[in-house]
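Structure first, then comments.
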Amino acid sequence: MPQEVRGVIAKAKGEPVSVETIVIPDPGPGEAVVEIKACGVCHTDLHYREGGINDEFPFLLGHEAAGVVEAVGPDVTDVGPGDYVILNWRAVCGSCRSCLKGKPQICFNTHNATQKMTLTDGTELSPALGIGAFCDKTLVAAGQCTKVNPEARPEAAGLLGCGVMAGIGAAINTGGVGRGDSVAVFGCGGVGDAAIEGSRIAGASTIIAVDIDDAKLELAKQFGATHTINSSNTDPVEKIRELTGGNGVDVAIEAIGLPQTYEQAFYARDLAGTVVLVGVPNPEMKVELPFIEIFGRGGALKSSWYGDCLPSRDFPMLIDLYLQGRLNLDGFVSETIGIEGVEEAFHKMERGEVLRSVVVM
Ligand code: APR
Ligand code: ZN
Ligand code: ZN
Numbered sequence: 433m434p435q436e437v438r439g440v441i442a443k444a445k446g447e448p449v450s451v452e453t454i455v456i457p458d459p460g461p462g463e464a465v466v467e468i469k470a471c472g473v474c475h476t477d478l479h480y481r482e483g484g485i486n487d488e489f490p491f492l493l494g495h496e497a498a499g500v501v502e503a504v505g506p507d508v509t510d511v512g513p514g515d516y517v518i519l520n521w522r523a524v525c526g527s528c529r530s531c532l533k534g535k536p537q538i539c540f541n542t543h544n545a546t547q548k549m550t551l552t553d554g555t556e557l558s559p560a561l562g563i564g565a566f567c568d569k570t571l572v573a574a575g576q577c578t579k580v581n582p583e584a585r586p587e588a589a590g591l592l593g594c595g596v597m598a599g600i601g602a603a604i605n606t607g608g609v610g611r612g613d614s615v616a617v618f619g620c621g622g623v624g625d626a627a628i629e630g631s632r633i634a635g636a637s638t639i640i641a642v643d644i645d646d647a648k649l650e651l652a653k654q655f656g657a658t659h660t661i662n663s664s665n666t667d668p669v670e671k672i673r674e675l676t677g678g679n680g681v682d683v684a685i686e687a688i689g690l691p692q693t694y695e696q697a698f699y700a701r702d703l704a705g706t707v708v709l710v711g712v713p714n715p716e717m718k719v720e721l722p723f724i725e726i727f728g729r730g731g732a733l734k735s736s737w738y739g740d741c742l743p744s745r746d747f748p749m750l751i752d753l754y755l756q757g758r759l760n761l762d763g764f765v766s767e768t769i770g771i772e773g774v775e776e777a778f779h780k781m782e783r784g785e786v787l788r789s790v791v792v793m
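Numbering-wise (my numbering), the sequence shown opens with residue 433 and increments by one.
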């Protein structure tokens with residue numbers, strides 16, 4: 433029997449979101465219905481609302497979520513009712529060219545539910561990142577459910593489903609940060625702080641946080657920044673060189689998505705170092721760099737999609753570290769709010785007041 437539940441819907445470009453009744457079909461083959469416990473508010477949800485992703489309104493927003501599987505389709509065996517899961521947007525297919533090369537973390541054909549959730553008048557919904565989790569229950573592909581230790585509180589655990597995983601993964605997966613490395617992170621929002629946290633758990637000995645907001649730099653220290661630079665009054669490239677014996681860092685991570693901070697990251701790394709771009713640029717932006725410097729500095733210029741994470745490998749491991757007190761996920765939860773608080777949370781996010789507002793169902 434299809435169920436009617438509450439969901440946060442973006443109906444049209446730029447319009448405030450609203451809580452509506454939505455219809456969730458029973459799970460078909462390969463699908464699962466998940467009862468959502470908590471879901472973080474991410475910039476991507478706002479980008480959907482602003483029409484910056486595509487025009488397939490109405491959107492069911494929300495995608496950084498943890499919950500409990502309620503029911504699964506007939507052929508589903510990996511997860512079942514009662515399992516505590518974090519939702520992911522990388523349910524790997526196992527058969528695309530990347531999966532076949534043994535790189536499922538960059539699967540090109542990830543799975544989502546095949547059936548549609550709808551409004552009560554039958555209008556089909558587009559779930560944000562194939563998830564849609566500002567709602568009591570959602571329908572996803574079973575592979576989007578990653579089982580983790582149920583002792584982890586959902587407000588914190590759900591954040592691993594997107595932004596926090598992107599940042600941690602930018603450091604440990606894409607950047608390959610290791611013991612004793614020096615790292616600089618440009619932008620200390622949720623994603624940048626997660627890159628700082630990831631660098632810390634990977635054993636980096638110097639972690640330099642760069643931002644234009646002193647309050648954000650203060651927070652960055654709580655995640656493991658050993659040095660901070662306010663780049664609105666200090667040249668970050670010069671200062672980073674000074675802090676690293678004149679050399680620059682092994683890994684420079686850009687977590688904003690701006691050409692000027694990408695260039696700072698480019699010049700702030702050591703010879704043969706790595707630049708990781710995890711901030712998302714807009715389509716109009718351009719970067720201009722001296723071509724000889726790209727060759728002459730060597731190393732690698734990499735982009736990090738979702739922290740190059742493999743949910744089945746990374747989520748349970750990071751939740752275990754969290755439960756052992758070795759990973760600070762709680763620090764990302766700036767506030768918990770109700771389902772009707774998403775619009776206000778967007779404004780707090782725009783004003784830079786929060787790392788993450790988390791909707792608790
Ligand atoms: N120089 C340094 N820091 C800056 C600058 C700048 N020119 N402009 C903004 N910042 C800082 C802000 O002060 C803020 O602390 O960058 C941080 C950005 O954080 P958030 O807006 O909270 O964004 P976050 O959720 O961390 O996401 C960052 O990663 O995944 C992407 O789409 C996401 O592009 C976004 C980026
Ligand atoms: Zn694949
Ligand atoms: Zn997100």
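All C-beta atoms in this analysis are idealised placements derived from N, C-alpha and C, irrespective of residue type, glycine included.
Computed from a prediction, not measured in an experiment: that's the story for all the values here.
Membership of Cys531 in the alpha helix (DSSP H) is indicated by the continuous run 529 to 532. Ligand 1 has a heavy atom closer than 6 Å to the beta-carbon of Asp643. Scanning Arg438, Gly705, Gln547 for the CA closest to the CA of Gly607 turns up Gly705.
Taking the CA atoms as reference points, Ala574 sits about 26 Å from Gly770. Within 6 Å of the C-beta of Cys539 there is at least one heavy atom belonging to ligand 2. The beta carbons of Gly711 and Gly595 sit about 11 Å from each other, so the pair does not count as a contact at 8 Å.
For Tyr699, the enclosing alpha helix (DSSP H) begins and ends at 691 to 700. Around the C-beta of Glu587, 16 or more other C-beta atoms lie within 10 Å, and the residue is accordingly described as buried. By DSSP's assignment, Cys474 forms no beta bridge with any residue. Proximity of the stretch 558 to 570 to the stretch 462 to 475 meets the contact definition, three or more beta-carbon pairs being nearer than 8 Å. Looking at the backbone, the Cα of Glu720 and that of Tyr699 are separated by about 13 Å.
In this structure, Asp477 lies near Ala560, with their beta-carbon atoms less than 7 Å apart. At a cut-off of 6 Å, the beta-carbon of Cys567 does not count as near ligand 3: no heavy atom of the ligand is closer than that. Inter-segment contact for the stretch 434 to 452 and the stretch 526 to 537 is absent: fewer than three beta-carbon pairs are separated by less than 8 Å. Annotation: Glu556 to Ser663 spans about 46 Å, alpha carbon to alpha carbon. If you check the C-beta of Cys531 against ligand 2, you find a heavy atom less than 6 Å away.
The nearest non-hydrogen atom of ligand 1 is less than 6 Å from the C-beta of Lys648. Gly635 has its alpha-carbon roughly 19 Å from the corresponding atom of Gly677. When C-beta atoms of the stretch 534 to 544 are compared with those of the stretch 479 to 488, fewer than three pairs fall below 8 Å, so the two segments do not count as touching. Annotation for Gly595 indicates a beta carbon within 6 Å of some heavy atom of ligand 3.
Ranked by how close their Cα comes to the Cα of Ile518, the residues Gly739, Val501, Thr578, Ala584 have Thr578 in first place.
Taking non-hydrogen atoms of ligand 3 into account, the C-beta of Cys474 is found less than 6 Å away from one of them. Out of Thr768, Asp553, Pro691, the CA that lies nearest to the CA of Glu716 is found in Pro691. For Arg632, the uninterrupted alpha helix (DSSP H) segment begins and ends at 622 to 633. Leu742 has its alpha-carbon roughly 12 Å from the corresponding atom of Ile604. Of Ile563, Gly757, Thr453, Met433, the smallest CA-CA separation from Gly494 is found for Ile563.
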